[in-house]
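Following: one structure in structure tokens, then a few remarks.
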Amino acid sequence: MKSNHKSILFFTTLACVVLSSPSQSLSSSTTLTASDRKRLEAVLEPGWQLTDLNLVTYAASGYKHLGLKVPNSEAACSYVSGQAADTNANTEMLFLAASAAVYLGCPITASPHMKQTLTESISESSSLVEVYHAVLGLHRLKENIDTAKVLAVTQAILKKDDGVLNLGYAFHIGSVLSGDVSSLHSRIEDAVVQADEVDGRMLQFEGGLSITALVVDGAYKLSEAAKRPVPLRPEQAVKFANYLLSRKSVQLPKGVHYLLHALTMFTNNKYHVPVAISLASSVAVSAAQPSVQVSISDLMGNNIPGADVRVTAEQVTRDDDGQVLASSLQLTAVKDSKTLYELDAMALQPKRGFHQLSVTAAASDKRLVGNTKALLKFKVLTSISLERVEVGTADADQSSAPTLKEVVYGSKLAGGPLEADRHQKVLVRFQVKDTTSGKPTRVHQAFVRITHSSSKREIIFKADPEPSSVLYKFEMVVSASQPQFKGVSGLYSMELIIGDACISNPLRWNLADLNLNFPATKPTDSAEAAVDYTYKPKPEITHKFQEPTQRPSAFVSTTFTVLCLLPLVLLLVLWGKLGINVSNFPFSLSALGFHLGIGAIFGLFCFFWLQLNMFTTLRYLFMVGVFTFYCGNSMLSKIAAARKESSK
Numbered sequence: 023m024k025s026n027h028k029s030i031l032f033f034t035t036l037a038c039v040v041l042s043s044p045s046q047s048l049s050s051s052t053t054l055t056a057s058d059r060k061r062l063e064a065v066l067e068p069g070w071q072l073t074d075l076n077l078v079t080y081a082a083s084g085y086k087h088l089g090l091k092v093p094n095s096e097a098a099c100s101y102v103s104g105q106a107a108d109t110n111a112n113t114e115m116l117f118l119a120a121s122a123a124v125y126l127g128c129p130i131t132a133s134p135h136m137k138q139t140l141t142e143s144i145s146e147s148s149s150l151v152e153v154y155h156a157v158l159g160l161h162r163l164k165e166n167i168d169t170a171k172v173l174a175v176t177q178a179i180l181k182k183d184d185g186v187l188n189l190g191y192a193f194h195i196g197s198v199l200s201g202d203v204s205s206l207h208s209r210i211e212d213a214v215v216q217a218d219e220v221d222g223r224m225l226q227f228e229g230g231l232s233i234t235a236l237v238v239d240g241a242y243k244l245s246e247a248a249k250r251p252v253p254l255r256p257e258q259a260v261k262f263a264n265y266l267l268s269r270k271s272v273q274l275p276k277g278v279h280y281l282l283h284a285l286t287m288f289t290n291n292k293y294h295v296p297v298a299i300s301l302a303s304s305v306a307v308s309a310a311q312p313s314v315q316v317s318i319s320d321l322m323g324n325n326i327p328g329a330d331v332r333v334t335a336e337q338v339t340r341d342d343d344g345q346v347l348a349s350s351l352q353l354t355a356v357k358d359s360k361t362l363y364e365l366d367a368m369a370l371q372p373k374r375g376f377h378q379l380s381v382t383a384a385a386s387d388k389r390l391v392g393n394t395k396a397l398l399k400f401k402v403l404t405s406i407s408l409e410r411v412e413v414g415t416a417d418a419d420q421s422s423a424p425t426l427k428e429v430v431y432g433s434k435l436a437g438g439p440l441e442a443d444r445h446q447k448v449l450v451r452f453q454v455k456d457t458t459s460g461k462p463t464r465v466h467q468a469f470v471r472i473t474h475s476s477s478k479r480e481i482i483f484k485a486d487p488e489p490s491s492v493l494y495k496f497e498m499v500v501s502a503s504q505p506q507f508k509g510v511s512g513l514y515s516m517e518l519i520i521g522d523a524c525i526s527n528p529l530r531w532n533l534a535d536l537n538l539n540f541p542a543t544k545p546t547d548s549a550e551a552a553v554d555y556t557y558k559p560k561p562e563i564t565h566k567f568q569e570p571t572q573r574p575s576a577f578v579s580t581t582f583t584v585l586c587l588l589p590l591v592l593l594l595v596l597w598g599k600l601g602i603n604v605s606n607f608p609f610s611l612s613a614l615g616f617h618l619g620i621g622a623i624f625g626l627f628c629f630f631w632l633q634l635n636m637f638t639t640l641r642y643l644f645m646v647g648v649f650t651f652y653c654g655n656s657m658l659s660k661i662a663a664a665r666k667e668s669s670k
């Protein structure tokens, strides 16, 4: 029973939090701007050199969708007609030529050869892209198309390969056919479920921009041709739109062609028109610039359809504590603009800091999607002033009260430099006031910069707010700060630096000169520390290696050598006295080689101690070791074989 009460309490609390916090609907936060159009135009320009039919077609398509004038349309039309008249032209070239002619506004007449080439490509032995080129080519040449044959061929090819790319081609094929194309329309859902979601905001197909734009564009066009609803939810349409806009920096003419085709489709179809809601003004508002401007447009940057567009600020909330400053505020249209709306944010008397604006753009057009509760961020700037600024010194051991002098902002401490030695500490106290509210405030950055007058070497300290008051305080004990100053005494300037992301007048104020007296240090160290190395090469660092240890005297080294050789001498003496049993020694080349190798290894170690380095020793040891290993293995094998023979 107790657990049930806890569960009810938990879900009640969760519901309260959800209801009290502003919800965000998925929407597009960017659009095709004027700078984007200029950049895309530059990508398409090489097509007008009239050297490649692909580039000419992509350039003609892009210029049409951007509403640009073709630089030399007559020459372009002549070039396209010449390419179409080529008797060696294949299906793809004829498709490109027919498409370019339509985009340029100079349709070409299909010759018998062109009709034959395109018609023969509509067969089950062709790939679906060839069928796509053939069908779309015939359509753009305004020739009759055998719908039944095309549908049968398309379905047969899809049975072999129904990948996303082939489905995209099939959608475009179906969009230009007359009659019942429901069999192709039913495949749209099969394609959509294969889309990958990115960050919960975008949908894309594997293969990138071209495939995604081809499939989405084809799905909407096929739905219109079939006169059936497109099987995409509004949020899916917005996610596909977001992906397309994320690729507006494409650098290839082919990508520009597919991108503009899809974006144009999203601005003019019967089902979904995504709305782009973005901040058009600066992210900062202040008393000088009190309004937040919001852009409401379609994906191409044009005004959204409908003459009764109403833009509403659902909520204006403060980020710090989530307080709702206002709700259901109507934004006013900016004069001489069809896409801009503004809200006087400063009229809400917001505090300094970051805020969120939830925007909804409503209209009678039911096709609009992504137009509700789009979250935009802005920040409120206020100006600040410094008051109650005091500078002085005090005994480091706090044996006496500090001596402080008040300084007015903009002036400098009167009476000459402030003197401080190792027995004292430097104090700075000040208050930061918000000029809008007239109340003390805190800032993100408050620093005191102390700069040497001659070397320009600077040390920066942080000024911290006192917990129990509204004052900022800086303390520097001179003796404890000696390492930071490298013990360099002399005249310093003391600056106060105030900064914050939400203030309009960051401050830098040279409030006093400071004469610091540190205990005497080595003259060389002090002189080196006082040199200003700003924009200058520092002195070269010279490494001093440790001197090798002096060798012992000849007597000591000789005595040590004799002591090391005594066990060997003792061994030889005992061998001579007892006799050496060499009856089991196998007198063979392998045995001789093994013992010579062992001796060579010991000799090599002796040379290592005397004159060789480690790398040379290892190189020789590898060669000697291989020889010794081979001989030792052979010797032991023969000994084992001899023992086995004698035991029989």
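Taking this note's numbering, the leading residue of the sequence shown gets 23, the next gets one more, and so forth.
In this text, a Cβ means the ideal position worked out from N, Cα and C, and glycines have one as well.
Check for me: the alpha helix (DSSP H) holding residue i runs from which residue to which?
| i | result |
| --- | --- |
| Glu114 | Thr113 to Leu126 |
| Glu409 | Where Glu409 is concerned, there is no enclosing alpha helix (DSSP H), although the beta strand (DSSP E) it sits in stretches over Ile406 to Asp417. |
| Asp676 | Residue 676 lies beyond the residue range present for the chain, which begins at 23 and ends at 670; the question has no answer from this structure. |
| His466 | Run containing His466: none; DSSP gives neither H nor E here. |
| Asn393 | Where Asn393 is concerned, there is no enclosing alpha helix (DSSP H), given that its DSSP letter is neither H nor E. |
| Met224 | No alpha helix (DSSP H) holds Met224; the beta strand (DSSP E) holding it covers Met224 to Gln226. |
| Ala367 | Element bounds for Ala367: n/a, residue is neither H nor E. |
| Phe629 | Leu611 to Leu632 |
| Gln315 | First-last for Gln315: Ser313 to Ser319, but that is the beta strand (DSSP E), not the alpha helix (DSSP H). |
| Met636 | Met636 to Ser668 |
If you compare alpha carbons, which of the options is closest to residue i?
| i | options | result |
| --- | --- | --- |
| Lys156 | Met115, Ala523 and Val124 | Residue identity check: residue 156 is Ala in the sequence provided, not Lys. Residue Met115 is the option with its Cα nearest to Ala156. |
| Asn393 | Lys399, Ser405, Leu403 and Ser380 | Ser380 |
| Glu441 | Lys395, Ser511 and Ser405 | Ser511 |
| Thr425 | Glu146, Tyr431 and Ala416 | Ala416 |
| Ile144 | Pro129, Thr176 and Gly438 | Thr176 |
| Ile661 | Ala613, Gln504 and Ser304 | Ala613 |
| Leu353 | Val238, Thr382, Ser359 and Tyr363 | Tyr363 |
With DSSP as the reference, label residue i as helix, strand or coil.
| i | result |
| --- | --- |
| Ala298 | strand |
| Glu441 | strand |
| Arg340 | strand |
| Pro589 | helix |
| Leu158 | helix |
| Ser350 | strand |
| His194 | helix |
| Lys276 | helix |
| Lys447 | strand |
| Gly598 | helix |
Would you report the Cα separation of residue i and residue j, rounded to the nearest angstrom?
| i | j | result |
| --- | --- | --- |
| Ser350 | Asp330 | 17 Å |
| Val218 | Phe262 | A small correction: the amino acid at residue 218 is Asp; Val does not occupy that position in the sequence shown. Whole-angstrom Cα-Cα distance: 10 Å. |
| Ala418 | Thr571 | 49 Å |
| Ser245 | Arg464 | 59 Å |
| Leu254 | Thr52 | 21 Å |
| Leu41 | Ala302 | Confidence in Leu41 is poor, its pLDDT being 39 and thus under 50, which makes the residue's placement too unreliable to answer from. |
| Gln467 | Met322 | 42 Å |
| Glu146 | Leu160 | 18 Å |
| Thr289 | Val198 | 20 Å |
| Val454 | Gly229 | 56 Å |
| Phe469 | Leu538 | 19 Å |
| Phe609 | Pro589 | 27 Å |
| Ser668 | Phe644 | 36 Å |
| Met136 | Asn264 | 40 Å |
| Asn324 | Lys434 | 56 Å |
| Lys508 | Leu403 | 40 Å |
Taking the CB atoms as reference points, tell me whether residue i and residue j lie closer together than 8 Å.
| i | j | result |
| --- | --- | --- |
| Leu533 | Val411 | yes |
| Arg471 | Ile406 | no |
| Val153 | Ile195 | yes |
| Arg451 | Leu408 | no |
| Val413 | Gln273 | no |
| Val278 | Gly84 | yes |
| Pro256 | Gly69 | no |
| Pro327 | Val305 | no |
| Arg223 | Leu48 | yes |
| Val314 | Phe400 | yes |
For residue i, decide whether its Cβ has a neighbour in chain C, counting only Cβ atoms nearer than 8 Å.
| i | result |
| --- | --- |
| Asp486 | The displayed structure is made up of one protein chain only, and chain C is not part of it. |
Which residues mark the beginning and the end of the beta strand (DSSP E) in which residue i is found?
| i | result |
| --- | --- |
| Met398 | Note on residue identity: the sequence assigns Leu, not Met, to residue 398. Start and end: Ala396 to Val402. |
| Glu9 | Nothing about residue 9 can be read from this structure; the chain reaches only from 23 to 670. |
| Gly375 | Gly375 to Ala384 |
| Ala534 | Leu529 to Asn539 |
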